[in-house]
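In the numbering used here, the protein residues as written are 1 to 106. Okay, structure first, notes after.
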């Protein structure tokens, strides 16, 4: 094989390695995105559930035995879920008004 052909094969091999590296990196990023999507779904679901429970507890204050404790525990769950959501997607529009929401801050 000629010297030029060997050099050309080396260049082609280097480029193949770069492309393989880019593909591997892209695959990793896709997996990271999928993982974050699953974490977001879980955290947002917990946030929604906590808000529903807070709303129900506030609406039925007179009927709930130990309501203050339940409301406080649910507020804490909502705060934690909000922190989890912010850690995953800090600028998500769903979270824009929740830090000062009266159901969380009572």
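Glycine residues also receive a C-beta, built at the ideal position from the N, C-alpha and C atoms.
Subject >> Sufficient close CB pairs (3 or more, under 8 Å) joining the region 77-97 to the region 41-59 >> reply: yes
**OP:** With residue 21 as the anchor, note down where its alpha helix (DSSP H) starts and where it stops.
**Re:** Position 21 of the chain shown, counting from 1, holds the residue named residue 21. It spans 3-59 - the alpha helix (DSSP H) in which residue 21 sits, taken as one unbroken run.
**OP:** Determine the burial state of residue 9: buried for a count of at least 16 other Cβ atoms within 10 Å of its Cβ, exposed for fewer.
**Re:** Position 9 of the chain shown holds residue 9. With fewer than 16 other Cβ atoms within 10 Å, it is exposed.
Original post:
From residue 98 to residue 72, what does the alpha carbon distance come to, in whole angstroms?
Top reply: Residue 98 sits at position 98 when you count from the first residue of the chain shown. Residue 72 sits at position 72 when you count from the first residue of the chain shown. Rounded to the nearest angstrom, the two C-alpha atoms are 17 Å apart.
Original post:
When the Cα of residue 92 is compared with those of 26, 37, 6, which residue comes out closest?
Top reply: Within the chain shown, the letter at position 92 stands for residue 92. With distances taken between Cα atoms, residue 92 lies closest to 37.
**OP:** Kindly indicate the opening and closing residues of the alpha helix (DSSP H) around residue 68.
**Re:** Taking the first residue of the chain shown as position 1, residue 68 is located at position 68. Residue 68 -> alpha helix (DSSP H) spans 67-88.
**OP:** Less than 8 Å between the CB atoms is what I'm expecting for residue 108 and residue 60, so what's the real figure, rounded?
**Re:** The requested residue 108 is not part of the displayed model; the chain covers only 1 to 106.
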